[in-house]
Amino acid sequence: MRITFLGTGTSQGIPVITCKCDVCRSEDQMDKRLRSSILVETNGITIVIDAGPDFRQQMLRENVQNLDAILITHEHKDHVGGIDDVRAFNYKSRKAIDIYCDKLVSRTIMNEYAYVFNGGGYPGIPRMNINLIENRAFNISGNKIIPVLAYHNELPVFGFRISDLSYLTDASLIPDESMALMKGSRILVINALRKQKHISHFSLDEALEVINYLEPEKAYITHIGHQMGRHAEVNRELPANVELAFDGLKLELD
0 MRITFLGTGT SQGIPVITCK CDVCRSEDQM DKRLRSSILV ETNGITIVID
50 AGPDFRQQML RENVQNLDAI LITHEHKDHV GGIDDVRAFN YKSRKAIDIY
100 CDKLVSRTIM NEYAYVFNGG GYPGIPRMNI NLIENRAFNI SGNKIIPVLA
150 YHNELPVFGF RISDLSYLTD ASLIPDESMA LMKGSRILVI NALRKQKHIS
200 HFSLDEALEV INYLEPEKAY ITHIGHQMGR HAEVNRELPA NVELAFDGLK
250 LELD
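One point on numbering: in numbering that gives the first Met the number 0, the residue at position 15 of the sequence shown is 14, and numbering is uninterrupted.
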């Protein structure tokens with residue numbers, strides 16, 4: 000399995016012209032974070048988890064030539080805002096892209112991208128198949144995908160376990176049964192927006208508590224806001240088996 004971090008940031012942490020904070024002014028490329036997304040290549044298939052507004056840029060940067068499926072964690076714009084750009088993969092593969100999501104997410108996608116589903120048949124529109132998922136395992140080309148239910152404040156979101164990788168973002172609460180599903184993962188990717196407590200995202204200390212409980216071989220923090228601080232400085236404060244992820248980070252999992 001090959002894992003590529005396409006983006007490790009959040010809409011709350013995008014440098015803007017009015018921001019003069021230390022992170023936004025940093026020249027370290029590890030502090031330049033696109034919206035959170037990850038690419039998983041395993042057993043001959045290529046899967047992306049979340050396709051936010053930076054999706055096209057991320058695909059071009061990583062020279063992704065084939066895409067089999069997109070898993071969506073939840074319906075917020077920073078996780079679905081780039082789905083229109085699957086049309087490039089439609090053109091190359093001559094087929095629709097499979098989107099895996101729950102009913103709430105599917106309603107959002109069908110509303111925001113109504114031109115895809117209105118039956119008009121215009122040849123230039125992106126083509127996608129919506130595959131509804133629930134809180135139980137499903138398969139993509141023989142690969143077992145386990146949804147991991149969590150809560151983004153009160154909004155249910157899905158993380159995913161794929162073999163020895165567990166990926167969970169935009170969470171502030173994880174039920175016990177979901178913790179059990181992630182137990183034994185060799186690699187855990189989990190969100191932490193900042194060091195201070197937040198209503199709908201884990202703080203760094205809260206994420207570290209989850210990591211300590213699950214005991215993965217290695218854990219990576221994602222969905223990082225600029226309030227977290229600079230990559231190099233925060234990494235020095237973390238346990239040996241924990242790192243802040245960064246855009247473009249690649250991992251190999253045997």
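Note that the Cβ used here is the ideal one computed from N, Cα and C, for glycine as well. What you are looking at is a predicted structure, and each value in this text was computed from that prediction instead of being measured.
Span separating the alpha-carbon of residue i from that of residue j
i: Pro125; j: Ile37; result: 21 Å
i: Tyr212; j: Val22; result: 30 Å
i: Val233; j: Phe4; result: 18 Å
i: Pro215; j: Lys196; result: 24 Å
i: Ile44; j: Asp67; result: 6 Å
i: Arg193; j: His225; result: 8 Å
i: Asn62; j: Val241; result: 28 Å
i: Val85; j: Cys100; result: 16 Å
i: Asp83; j: Ser25; result: 31 Å
i: Ile69; j: Gly228; result: 30 Å
7 Å Cβ cutoff met for residue i and residue j
i: Ser177; j: Ser165; result: no
i: Leu250; j: Ile2; result: yes
i: Asp97; j: Asn130; result: yes
i: Thr190; j: His222; result: The question names Thr, but residue 190 in the sequence shown is Asn. In contact: Asn190 and His222 (Cβ atoms closer than 7 Å).
i: His200; j: Ser162; result: no
i: Gly51; j: Gly8; result: no
Assumed close pair residue i, residue j - CB separation to whole angstroms, cut-off 8 Å
i: Glu133; j: Thr107; result: Not a contact, Cβ separation roughly 17 Å.
i: Met58; j: Leu252; result: About 22 Å; that fails the 8 Å criterion.
i: Leu33; j: Gln56; result: 7 Å
i: Phe137; j: Ile48; result: The pair is not a contact, with the Cβ atoms about 14 Å apart (cut-off 8 Å).
i: Ile71; j: Val115; result: 15 Å between Cβ atoms; not a contact.
i: Met127; j: Ala87; result: Not confirmed; about 13 Å, so no contact.
DSSP-derived helix/strand/coil call for residue i
i: Arg160; result: strand
i: Val39; result: strand
i: Tyr150; result: strand
i: Ile139; result: strand
i: Ser10; result: helix
i: Tyr114; result: helix
Residue-chain proximity (residue i, chain B), Cβ-Cβ < 7 Å
i: Gln28; result: Here chain B cannot be found, since the structure has a single protein chain.
According to DSSP, residues forming a beta bridge with residue i
i: Leu70; result: Ile48 and Tyr99
i: Lys249; result: Thr3
Residue i Cβ short of 6 Å to the ligand FMN heavy atom set
i: Asn138; result: With respect to the ligand FMN, the structure offers nothing, as it holds no ligand at all.
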